[in-house]
Amino acid sequence: MQRLFKINRPINITTIIVISFFLLTCTKVEEKKEEVKSVNTQQIFISSIKGGDWHSNSTWIQGNVPTPDADVNITGKVTINGKAECLNLLIDNGATLELSTKAELVVKHHVINEGTIINNGSLKTKDDN
């Protein structure tokens with residue numbers, strides 16, 4: 559039988575600790591990997607400072623009208639003339655959201671109004687949680 563290493567002095571507690579540490583650091587550690595099944599990639603839509611019609615692509619910095627699962631940030635004056643829906647709504651200080659008489663806006667979660675809402679139509683909030 560071959561020896562892996564030779565110890566020329568008596569074994570004491572320090573030697574045992576060093577050998578134990580060496581063996582622990584050489585032990586292969588199994589890593590548990592978890593698979594991600596879905597990712598929530600919620601979008602934030604921000605209006606331009608000049609504002610415009612909610613349903614116009616040019617009103618939004620991203621160039622697209624907000625989807626029902628989007629967070630919306632109004633930074634200028636935005637007008638709604640039909641049906642619209644979003645997840646959360648933030649109206650910045652100095653910004654205005656105006657709903658015409660035929661407008662309906664449904665916000666699924668939260669409305670934070672630091673500006674002005676002119677509501678001639680219907681503004682509904684509902685929390686699905």
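Just so we're on the same page, my numbering is the position in the sequence shown counted from 1, plus 558.
By construction, the Cβ of each residue, glycine as well, lies at the ideal position given by its N, Cα and C atoms.
{"query": "For a test of the three-state rule: what should DSSP assign to residue 598, helix, strand or coil?", "result": "Confidence in residue 598 is poor, its pLDDT being 49 and thus under 50, which makes the residue's placement unreliable; the coordinate value appears in the next sentence. If DSSP states are grouped into helix, strand and coil, residue 598 belongs with coil."}
{"query": "By the 10 Å Cβ neighbour count, where 16 or more other Cβ atoms means buried, how is residue 683 classified, buried or exposed?", "result": "exposed"}
{"query": "Looking only at C-alpha atoms, which of 660, 616 and 678 sits nearest to residue 640?", "result": "660"}
{"query": "Report the start-end ranges of each beta strand (DSSP E) in the region 618–665 that is 3 residues or longer and not cut off at the edges.", "result": "629–632, 635–638, 641–644, 646–649, 654–657 and 662–665"}
{"query": "Quick check: what's the CA-CA separation for residue 627 versus residue 642?", "result": "11 angstroms"}
{"query": "Measure the C-alpha to C-alpha separation of residue 608 and residue 679 and round it to an integer number of angstroms.", "result": "22 angstroms"}
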